[in-house]
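S.K.: Heads up, the sequence shown is in this note's numbering, so the first residue is 2 and it goes up one at a time.
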Amino acid sequence: MKYNVDEKGFYGEFGGAFIPEAMYPNIEELQNNYLKILTSSSFQTEYAKLLKNYVGRPSPLYYAGRLSEHYKTKIYLKREDLNHTGSHKINNTIGQILIARKLGKTRIIAETGAGQHGVATATVCALMGIRCVVYMGALDVSRQAPNVLRMKMLGAEVIPVESGNKTLKDATNGALRDWINNPWDTHYIIGSVVGPHPYPDLVARLQSVISEEIRWQLAEQEGRELPDFIIACIGGGSNASGAFYHYLDNENVKLIATEAAGLGIDTKETAATLATGSPGVLHSCKTMLMQNDDGQITEPYSISAGLDYPGIGPMHSFLHKIQRVEYLSITDKEALDAAFFLTQSEGIIPALESAHALAVLNKKKFGPDDVVVINLSGRGDKDMDAYIRMMQKK
Numbered sequence: 002m003k004y005n006v007d008e009k010g011f012y013g014e015f016g017g018a019f020i021p022e023a024m025y026p027n028i029e030e031l032q033n034n035y036l037k038i039l040t041s042s043s044f045q046t047e048y049a050k051l052l053k054n055y056v057g058r059p060s061p062l063y064y065a066g067r068l069s070e071h072y073k074t075k076i077y078l079k080r081e082d083l084n085h086t087g088s089h090k091i092n093n094t095i096g097q098i099l100i101a102r103k104l105g106k107t108r109i110i111a112e113t114g115a116g117q118h119g120v121a122t123a124t125v126c127a128l129m130g131i132r133c134v135v136y137m138g139a140l141d142v143s144r145q146a147p148n149v150l151r152m153k154m155l156g157a158e159v160i161p162v163e164s165g166n167k168t169l170k171d172a173t174n175g176a177l178r179d180w181i182n183n184p185w186d187t188h189y190i191i192g193s194v195v196g197p198h199p200y201p202d203l204v205a206r207l208q209s210v211i212s213e214e215i216r217w218q219l220a221e222q223e224g225r226e227l228p229d230f231i232i233a234c235i236g237g238g239s240n241a242s243g244a245f246y247h248y249l250d251n252e253n254v255k256l257i258a259t260e261a262a263g264l265g266i267d268t269k270e271t272a273a274t275l276a277t278g279s280p281g282v283l284h285s286c287k288t289m290l291m292q293n294d295d296g297q298i299t300e301p302y303s304i305s306a307g308l309d310y311p312g313i314g315p316m317h318s319f320l321h322k323i324q325r326v327e328y329l330s331i332t333d334k335e336a337l338d339a340a341f342f343l344t345q346s347e348g349i350i351p352a353l354e355s356a357h358a359l360a361v362l363n364k365k366k367f368g369p370d371d372v373v374v375i376n377l378s379g380r381g382d383k384d385m386d387a388y389i390r391m392m393q394k395k
């Protein structure tokens, strides 16, 4: 596939492994082993078994009839919200915990923003009986309290990070510092297609089960594997990478990804990296970043904790540069309006992250025969406080 990472971990000019010397043993070990493990029959058998019997895959591809009638097009929702733990994140954590076990690791660390990746990591660590430490920005700890409680109930140690603006970037910084100090027994389960090579490729491959299922599910329901459009939200970009993966080489499938515009891309209260950013290095890879003229990271903002990140995965920086994917900016209000409309049209409460993808329906026109697949990356239980505040304002 021409959009795959190269042997040095680059997608075009983006990617790589810009790492301190102390991190080199960790990254070299993973680079040398991840593809051998992923392609082994023992891994494939165990991974497929856990996805089916533990995660609950395949996730449904649901024809949203009332939504389709309203927008006068054919809308399907890929129901990642119905996975065990409530999002797409567990596709990745199940795979990475198996890799960690193959490498003989006895301790897992992770970062989390909205808490879904933290919950998914804590879940698989409980499943495998491996110690788990999750770093989470202190602001996200307060606004995602239900997920913090879930992680603790699952046996994870949750460490609030008080630096920066106390969100996902800062949680990632904390996890990377931990890994440098504990290289031999610890595996870092990164939650998105960010970080040093091989993480962007590794996470994308594990999430590609989403597009793999969409192909045969569409063939069953529409008589064809190719939709006209696939839409997904983007923070770092893991759910979008999974939804797009098997369609990247087919130019007939139009791909749309949504960034969190926050209060607007013309304000300082935004997390729309591609709309406002420039190339730089963050968390050990070269990608598009929100930064000032001196190269200092500017603090992002979004109502959605999972999209509140000042960068984006290098795969997406590349896909944006070559214009294979259309990237749109969605404001808090547009996402909230889309979430309430889906809830009252289909009886499905989406995560605020997923609501950013749903908002595309109000920004673009689709034809009556178009097949539009929206990746519903997570469920909205964790965001009820935000939804309640919105309802109280109405």
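Glycine included, C-beta positions come from ideal geometry on N, C-alpha and C.
Just to confirm the assignment, what range does the beta strand (DSSP E) spanning residue 332 have?
M.R.: Segment 326–332, the beta strand (DSSP E) holding residue 332.
S.K.: From 215, 23 and 202, pick the residue whose C-alpha is nearest to that of residue 80; which is it?
M.R.: The residue with the shortest Cα to Cα distance from residue 80 is 215.
S.K.: Can you give the Cα-Cα distance for residue 61 and residue 20, rounded to whole angstroms?
M.R.: Roughly 40 Å between the two C-alpha positions.
S.K.: Can residue 211 and residue 244 be called in contact, C-beta distance under 8 Å?
M.R.: Yes; because the gap between Cβ atoms is below 8 Å, this pair is in contact.
S.K.: Pick out the complete alpha helix (DSSP H) segments inside the stretch 266–340, 4 residues or longer, and give them in chain order.
M.R.: Correct list: 274–277 and 315–322.
S.K.: What three-state label does DSSP hand residue 4 in the structure shown?
M.R.: Coil.
S.K.: Here's the rule I'm using: 16 or more other beta-carbon atoms within 10 Å means buried, otherwise exposed. How should residue 224 be labelled?
M.R.: Exposed.
S.K.: Given this structure, state the Cα-to-Cα distance separating residue 382 from residue 274, to the nearest angstrom.
M.R.: So the two alpha carbons sit approximately 27 Å from each other.
S.K.: Look up residue 383 in the DSSP assignment and say whether it is helix, strand or coil.
M.R.: Correct three-state label for residue 383: helix.
S.K.: Does the structure place the stretch 308–320 close enough to the stretch 249–269 that three or more beta carbon pairs sit under 8 Å?
M.R.: These segments touch.
S.K.: According to the neighbour-count rule (16 or more other Cβ atoms, all chains shown, within 10 Å of its Cβ), is residue 218 buried or exposed?
M.R.: With 16 or more Cβ atoms within 10 Å of its Cβ, residue 218 is classed as buried.
S.K.: Tell me the DSSP bridge mates of residue 188?
M.R.: Answer by DSSP bridge pairing, in chain order: 109.
S.K.: I need the DSSP call for residue 19, collapsed to helix, strand or coil.
M.R.: Correct three-state label for residue 19: coil.
S.K.: Report the residue from 9, 137 and 181 whose alpha carbon sits nearest the alpha carbon of residue 166.
M.R.: Ranking the options by Cα distance to residue 166, first place goes to 137.
S.K.: Assign residue 199 to one of two classes, buried (16 or more other C-beta atoms within 10 Å of its C-beta) or exposed (fewer than that).
M.R.: Buried, because 16 or more other Cβ atoms sit within 10 Å of the Cβ of residue 199.
S.K.: Thinking C-beta only, is residue 57 closer than 8 Å to residue 85?
M.R.: Cβ distance < 8 Å, so residue 85 and residue 57 count as in contact.
S.K.: DSSP three-state call for residue 165: helix, strand or coil?
M.R.: Coil.
S.K.: Grouping DSSP H, G and I as helix and E and B as strand, with all else coil, what is residue 260?
M.R.: Residue 260 falls in the strand class under three-state DSSP.
S.K.: Fully enclosed by the stretch 167–244, which beta strand (DSSP E) runs are 3 residues long or longer?
M.R.: Those beta strand (DSSP E) runs which fall completely within the stretch 167–244 and span 3+ residues are 187–189 and 230–234.
S.K.: Where does the unbroken alpha helix (DSSP H) through residue 39 begin, and where does it stop?
M.R.: Here the alpha helix (DSSP H) through residue 39 covers 25–39.
S.K.: Apply the 10 Å Cβ neighbour rule to residue 70 and answer buried if 16 or more other Cβ atoms are within range, or exposed otherwise.
M.R.: By the 10 Å Cβ count, residue 70 comes out exposed.
S.K.: Thinking just about the alpha-carbon of each residue, which of 53, 91, 109 and 95 is nearest to the one in residue 27?
M.R.: Ranking 53, 91, 109 and 95 by Cα distance to residue 27 puts 109 first.
S.K.: In three-state DSSP terms, what is residue 78?
M.R.: Note: residue 78 maps to strand in three-state DSSP.
S.K.: Residues in the same chain with beta-carbon distance under 8 Å from residue 1, minus the five sequence neighbours each way, listed in chain order, please.
M.R.: With the chain running from 2 to 395 in the structure shown, residue 1 is simply not present.
S.K.: Can you check whether the CB of residue 351 is closer than 8 Å to the CB of residue 362?
M.R.: Taking 8 Å as the Cβ cut-off, residue 362 and residue 351 do not qualify as a contacting pair.
S.K.: With DSSP as the reference, identify every bridge partner of residue 154, one or two as the case may be.
M.R.: According to DSSP, which records beta bridges pairwise, residue 154 is partnered with nothing at all.
S.K.: Flag this pair as yes or no: are the beta carbons of residue 271 and residue 301 separated by less than 8 Å?
M.R.: Yes. Within cutoff.
S.K.: What residues in its chain sit with their C-beta under 7 Å from that of residue 285, if we drop five residues either side in the sequence?
M.R.: Excluding positions up to five away in sequence, the list reads 18, 19, 20, 196 and 197.
S.K.: Pull up the DSSP beta-bridge partners for residue 129, would you.
M.R.: According to DSSP, which records beta bridges pairwise, residue 129 is partnered with nothing at all.
S.K.: Would you tell me roughly how many angstroms separate the C-alpha atoms of residue 207 and residue 178, rounded to the nearest one?
M.R.: When rounded, the distance between both Cα atoms is 25 Å.
S.K.: Could you give the DSSP three-state label for residue 351: helix, strand or coil?
M.R.: Three-state DSSP puts residue 351 in a strand.
S.K.: Is it buried or exposed for residue 36, if we count other Cβ within 10 angstroms and need 16 for buried?
M.R.: Exposed, because fewer than 16 other Cβ atoms sit within 10 Å of the Cβ of residue 36.
S.K.: With a cut-off of 8 Å on the beta carbons, I'd call residue 202 and residue 6 a contact; round off their distance for me.
M.R.: Indeed, because the Cβ distance is near 4 Å, the residues count as touching under 8 Å.
S.K.: Please report the distance separating the alpha-carbon of residue 386 from that of residue 141.
M.R.: In a straight line, the C-alpha of residue 386 is about 13 Å away from that of residue 141.
S.K.: Within a Cβ cutoff of 7 Å, which residues of the same chain sit near residue 163, ignoring the five residues on either side of it in sequence?
M.R.: The residues are 139.
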